[in-house]
Structure formats: structure tokens, C-alpha cells
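K.L.:
Numbering (full-length UniProt numbering), first residue to last: 1 to 322.
(1) Identify the residues that DSSP records as bridge partners of residue 43: which are they?
(2) How is residue 49 classed by DSSP in three states: helix, strand or coil?
(3) Please classify residue 179: does DSSP put it in a helix, a strand, or coil?
(4) What do you reckon, are the CB atoms on residue 189 and residue 62 nearer than 8 Å?
(5) Any contact between the segment 193-206 and the segment 225-241? By contact I mean 3 or more CB pairs, one from each, below 8 Å.
(6) Under a Cβ-count criterion, where at least 16 other Cβ atoms within 10 Å of its own Cβ denotes burial, should residue 7 be classed as buried or exposed?
(7) Pick from 238, 302, 228 and 293: whose alpha carbon is nearest that of residue 283?
(8) Since I believe residue 54 is in contact with residue 92 (beta carbons under 8 Å), could you give me their beta-carbon distance rounded to a whole number of angstroms?
(9) Is the beta carbon of residue 74 sitting closer than 8 Å to the one on residue 33?
(10) Are the CB atoms of residue 265 and residue 293 nearer to each other than 8 Å?
(11) Could you work out which residue in 70, 59 and 56 is closest to residue 15 when comparing CA atoms only?
(12) At which residues does the alpha helix (DSSP H) containing residue 280 begin and terminate?
(13) When the Cα atoms are used, what is the spatial distance from residue 184 to residue 224?
(14) Between which two residues does the beta strand (DSSP E) harbouring residue 80 extend?
(15) Taking 8 Å as the threshold (C-beta atoms), are residue 95 and residue 4 in contact?
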């Protein structure tokens, strides 16, 4: 528990964004994070722990955390903890340690003391020498308690002062809009909390480091990047699952296996009429195929694209053509 972090969480100004979470909800999550912060102002409580503390459901927790990141109050430290090493370690931004507070008070005290000495010096004879007190700008020393675990007594006097949040090109509000415009079925809050999210973010930033793109264009491309990554990890997860059908391929209600979905997605991405209608920007065949594969997993979408599927070899009642 960090006393400085808890005091900060009570006092920090919380912005109210139209359409966003209410201030009391954000304050409650922030207090729960601060209550578990260490000397470095970092914490990694599980979502279930935060949900139990605040009484909010998981989806609301994800939404509030994303807004706190966008507000510049917390950030991903880049570290992972927990038994699976997938729990995000968050850092509270802007917490002022007692080291800084003590120095400020000391300087103010010395200034007041110097003013008093100029008026009440022994040379002027206004104050007897024996009644003068010698003031020192030094702080009272802080002694550690016996506890080595959580508590207010094991806080260090030399708590680091967090650096101010740097300006970032990434705006979660705009990213949410771009992703939902592309695919309304995506749960954005769950998407940004996936274990692979920050891995893909780093890869995207490295890939575009040398490109002179504006923030809005970076967000546009990152939305597509995330959707493609989501499809990639879903395919990887599905391929690792044991087969359930007699043929050894897991099929959906329309009879298409994962392998057949991948084949037809590839064919549709190269179909002139289909690609000209559904491709986005400078999207490559592979990127378009990845998006198509995700949508083909939905039987309703398969029926919608059935005319195109038939053109690339699908036979109703028989599945894929030989």
C-alpha cells in the first residue's frame, strides 16, 4: 500500500468525457489501483480483484482502465506479473512522493525563518539571545517499522517522482471509432486488454517509425493492424484445438472447416469484384484474407457472401469443390 498514491488518487482531478465513464467510477478504480501500489507507484491487481473491490463487472473495469490511460493518469509499465506472466503492471502517473514535499516545505520554512531573523536579530535587541531558537531546514528522520510487507511503515523516503506523461499519437477514443466502423462485432475493451495487444503495438510503432504519418493516419492503420492480429491469433488458437469431427477438421454449422474457411478467404481476396468492393485503402491480399476469414466464421456472413463463394468453387450441400 502506498500512502502517497492513495492521497493522490483522492485529490487528482478527473476529466469527464462525453459518453465516457462517470467520475465516481473512475475514482473508485483509481483508488483500488493506488491501494495496491508499491514504492514505485506500480500495481498489478487482477480484474477479478478490481471487480470485487468496486462492484463493477469485468467489461466496465476494462472500459474505465482504458479511459484512465487516455486521461494520462496510469500507463502500462511494460512489465508482466502473475503466474502466467500476462497480468499487466500499471504505473500511476503524477504521484508526488514525500521527498519532493519535504524539500518544498523546507525551503518555505527557511525563507520564513530568514525574514524573522532580519526583524528579531540580537543586534537590534528586540529578542533576548536565550529565547532565540535555531531552526534547521532538515526534515525529521523517518524510521522504518518492523513490517516488511504491505503497510504505511515500509514506504521509502526516497520515492521516485513520476515523469510527466509524454504526448502519444495513440488516442483510444479515435481507435475505438475506427475499429467499430470496420467491424461492429468487435469488443474494443476486451481487444485492448488481450495479452498480445502491447506486443502488436510495439511492432506497429517499429514498423512505422521511419514513416512521416500524422496521428489520425497512424490510428487508422493501427485499427486494421489490430483486426488482422486478432484474426491471426484466433486462427492460431483454433488450429491448436483438438479436432471434433470425423474428418479431423472442426466444422461450423454450414459445414465449412477452418481449413476451408482459410482457402475461401484467400480466393475471395483475389476475386476482382469482391476485393474491389470490400478491400480498404492499400490493404494487401493477406490482410484482406485475414479479415475475410474472421467474417466467414459467422454462418450469417457466409450466407450473405454465398454468391461470391459459389463463384470461387463452393457447392451448396457439398462444401468445397475438389
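The beta carbon of each residue, even a glycine, is placed where N, CA and C say it ideally should be.
P.N.:
Taking the coordinates as given:
(1) Answer is 90, bridged to residue 43.
(2) helix
(3) helix
(4) yes
(5) yes
(6) exposed
(7) 228
(8) Not really, about 17 Å apart at Cβ, beyond 8 Å.
(9) yes
(10) yes
(11) 70
(12) From DSSP, residue 280 is part of no alpha helix (DSSP H); its letter is neither H nor E.
(13) 13 Å
(14) In the DSSP assignment, residue 80 falls within the beta strand (DSSP E) that extends over 74-81.
(15) yes
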